[in-house]
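To convert, count from 1 in the sequence shown and add 41; that's our numbering. Yeah, the Cβ is synthetic: ideal placement off N, Cα and C, and Gly gets one too.
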Amino acid sequence: MPKRINTIEEAERLFPSVKNAWFLFKLFVVLEEYTQACVKYEFFLSIIGLTFTVFHLYVLTRKGMMTSSIFSIMIGIGVCDAMSMMIAIYDEHIIEQLYGDECTPPVSLFILRCYWILNALRQTVIRSSLWLGVLMALIRYLSLKFVTRPKFQRMLRISYGFYATGISFALSSVLSTLNFVKTKAVENGFWRPSEKCDVQIENGSTLVIYGLRDSDVFSANDGFYLRIFTLVNSISSKFLPCIVFPVVTILLIIEIHETKKKVLTSSLTIAERTTSLVIFMAITFFIASFPAGVFTFFSVMYTDIGFCLLRAALQNILKIVVETSDRV
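See below:
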């Protein structure tokens with residue numbers, strides 16, 4: 042159960058490796074203030090977005106649209122986004138309990154485990170959607186750059202996009218599974234409503250407060266395995282896409298302009314529309330993922346739990362940027 046940071050002493054306990062935790066304390070206060078508001082916003086945004094995504098998938102799956110791997114990859118991205126939004130809608134009330142005040146009863150062990158399983162699934166589809174976006178830009182670039190080479194043109198086959206979607210989901214599932222098994226549920230204490238709380242529990246008993254912590258295996262040897270996994274996960278999910286996505290997008294823009302000098306066809310017009318979408322995706326992803334990736338890097342250098350909590354809070358806020366752009 043996330044702990045609210047109320048004093049500088051508590052912040053220093055979360056960041057024992059940092060001599061002056063005042064800035065981190067202030068950052069915690071700001072992020073915690075907006076986290077629950079973002080969850081509410083995400084809930085309503087997901088309901089609206091899911092409606093548009095289902096319609097978008099209906100259009101993409103029409104026979105006339107199934108012309109290249111670009112569209113099959115877009116179907117894969119749409120399915121991933123739809124799953125992410127459905128999980129966000131379901132998780133909203135659980136997150137409200139996790140970030141509730143002193144009068145909010147803690148979640149049960151079963152609910153906490155369900156939440157963590159759904160969170161792992163959501164991270165899987167979010168990561169897979171990102172990789173598919175990078176792949177879509179790369180395929181568009183290679184198909185224009187090597188238009189006369191059959192080997193690269195085969196990447197435009199409709200089946201290629203479906204295979205790519207399956208492979209990206211499988212690889213992403215491996216990282217999410219490791220992230221799930223590295224965490225275990227523990228008892229953090231007991232909860233009893235205070236007199237000012239209008240909450241009744243059976244027989245006036247107390248409720249167990251459950252939380253999540255790293256497993257003993259990943260925490261052993263000063264968190265060596267945890268650092269390795271966090272580094273691999275951050276590189277594959279944050280830093281590498283942040284670099285590759287903009288680079289491929291720039292190359293795609295250059296290639297389209299070079300091709301336009303030689304010939305102007307309707308296929309180039311479609312390519313330009315796809316490029317505009319890719320540029321928008323690249324910018325919003327960089328804004329939303331790079332800051333969280335920086336705190337992930339710090340959590341690799343230091344084992345302070347505060348960096349993990351700070352990264353999680355930051356991701357809850359910044360992912361709204363990506364989800365808003367997806368709905369647009």
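Residue i and residue j look like a contact to me (Cβ under 8 Å); what is the Cβ gap, rounded to whole Å?
i: VAL288; j: GLY252; result: Wrong, their Cβ atoms sit about 40 Å apart, outside the cutoff.
i: ALA161; j: PHE221; result: 4 Å
i: LEU101; j: ILE111; result: Their Cβ separation, rounded to whole angstroms, is 10 Å, which puts LEU101 and ILE111 out of contact at 8 Å.
i: MET126; j: SER87; result: 4 Å
Can you give me the C-alpha to C-alpha distance between residue i and residue j, rounded to a whole angstrom?
i: VAL166; j: TYR131; result: 16 Å
i: VAL71; j: PHE64; result: 11 Å
i: LYS44; j: TRP157; result: Residue placement at LYS44 cannot be trusted, given a pLDDT of 47 that sits under 50; the coordinates are not used to answer.
i: ARG154; j: PHE93; result: 30 Å
i: VAL188; j: ASP257; result: 53 Å
i: ILE89; j: ALA261; result: 44 Å
i: MET42; j: ILE284; result: Low local confidence applies: a pLDDT of 42 at MET42 is under 50, so the model's placement there is unreliable, and no value is given.
i: ILE199; j: CYS238; result: 59 Å
i: THR206; j: SER235; result: 51 Å
i: THR218; j: THR300; result: 44 Å
i: TYR99; j: VAL120; result: 11 Å
i: THR271; j: LEU173; result: 22 Å
i: SER277; j: SER213; result: 9 Å
i: GLU296; j: VAL273; result: 32 Å
i: LEU150; j: LEU248; result: 11 Å
i: LEU267; j: ARG254; result: 12 Å
i: LYS381; j: LEU179; result: With the chain covering only 42 through 369, there is no way to say anything about residue 381.
i: ARG103; j: PHE193; result: 25 Å
i: ILE269; j: HIS97; result: 39 Å
i: SER275; j: GLY264; result: 16 Å
i: ALA78; j: LEU292; result: 38 Å
i: PRO282; j: THR290; result: 12 Å
i: VAL95; j: MET106; result: 15 Å
i: LYS279; j: LEU68; result: 21 Å
i: TYR201; j: ILE152; result: 39 Å
i: ILE294; j: TYR204; result: 26 Å
i: GLU143; j: HIS298; result: 59 Å
i: TYR82; j: PRO191; result: 47 Å
Is residue i near residue j, with beta carbons less than 7 Å apart?
i: LYS223; j: PHE259; result: yes
i: MET177; j: ILE114; result: yes
i: ILE118; j: LEU159; result: no
i: SER170; j: ASP122; result: yes
i: VAL80; j: ILE135; result: no
i: VAL148; j: GLN138; result: yes
i: ASN229; j: ILE208; result: no
i: VAL215; j: PHE286; result: no
i: PHE84; j: GLU133; result: yes
On the DSSP bridge list, what partners appear for residue i?
i: LYS225; result: ARG254
i: VAL249; result: PHE231
Shortest alpha-carbon distance to residue i belongs to which of the options?
i: SER246; options: PHE265, TYR156, LEU216, ARG233; result: ARG233
i: SER109; options: SER275, TYR140, TYR75, ARG181; result: ARG181
i: TYR140; options: ILE291, ILE269, GLU74; result: GLU74
i: THR145; options: MET106, PHE231, LYS67, ARG190; result: PHE231
i: MET124; options: LEU91, TYR82, GLU143; result: LEU91
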